[in-house]
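Structure first, then comments.
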Amino acid sequence: MKFTEEHEWLRVEDDLIVVGITEHAAEQLGDIVFVELPEVGTEVVKDDEVVVIESVKAASDILAPIDGEIVEVNETLADAPSTVNEDAIGNGWFFKIKTDDMSQLDDMMDEAAYKKFIG
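Read in full-length UniProt numbering, the sequence shown has 110 at position 110, and its numbers run on one by one without any break.
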C-alpha cells in the first residue's frame with residue numbers, strides 16, 4: 001500500500017488502484033454520516049476534488065491522488081457511510097481508478113513512512 005500526505009491510501013489490484021482514507025483520517029473526522037462519490041467514467045487529474053465526506057465534526061473533500069479514470073465506486077457507502085469509520089482500509093474504500101502511469105505511486109509513502117508522518 002501507498003499513502004499520501006492527505007491521508008489517503010492506495011492499493012494496487014491488478015491494473016486498478018483502490019483508494020480510500022486512512023484510519024487516522026477517519027478518526028480525525030469522527031462519525032461519517034454522508035459520502036458523495038464520483039461518477040464512474042469520470043476522468044480525473046491529481047488533486048481534483050472527487051469525494052465529499054460529511055461527518056459530525058466537518059465536511060471534507062477527498063482529492064484524486066493520481067491522474068486516471070474512475071472505473072468503480074463503492075456504492076455501499078451511500079447507505080452505510082459509517083463503513084469508512086468501521087473499516088477504513090478494507091470495506092470503506094471510495095473508488096477504483098485506472099491510470100496509464102503507475103509511476104505516479106513511486107513518490108508516495110509506504111506504511112512505515114506514513115506512520116512516521118502522522119507521528
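C-beta atoms are modelled at their ideal positions from N, C-alpha and C, and glycine is treated no differently. Just so we're clear, the structure is a prediction, and the values are computed from it rather than from any experiment.
Are there 16 or more other CB atoms within 10 angstroms of the CB of Phe3, so buried, or fewer, so exposed?
buried
Buried or exposed (CB count within 10 angstroms, at least 16 for buried), Ile118:
exposed
Applying the 10 Å Cβ sphere with the 16-neighbour rule, what's the burial state of Ser55?
buried
Quick check: what's the CA-CA separation for Gly92 versus Ile66?
19 Å
By alpha-carbon positions, which one of Lys115, Glu86, Asp79 and Ala64 ends up nearest to Leu10?
Ala64
Taking contact to mean 3 or more Cβ pairs, one atom from each stretch, closer than 8 Å, check whether the stretch 48–62 and the stretch 19–29 are in contact.
yes
Contact check, Arg90 vs Lys57 under 8 Å by CB: the rounded distance?
This sequence places Gly at residue 90; Arg is not what is there. No, Gly90 and Lys57 are not in contact; Cβ-Cβ is about 23 Å, not under 8 Å.
Runs of alpha helix (DSSP H) lying entirely within the UniProt domain "Lipoyl-binding" (16–98), each at least 4 residues, in chain order:
23–29, 76–79 and 83–86
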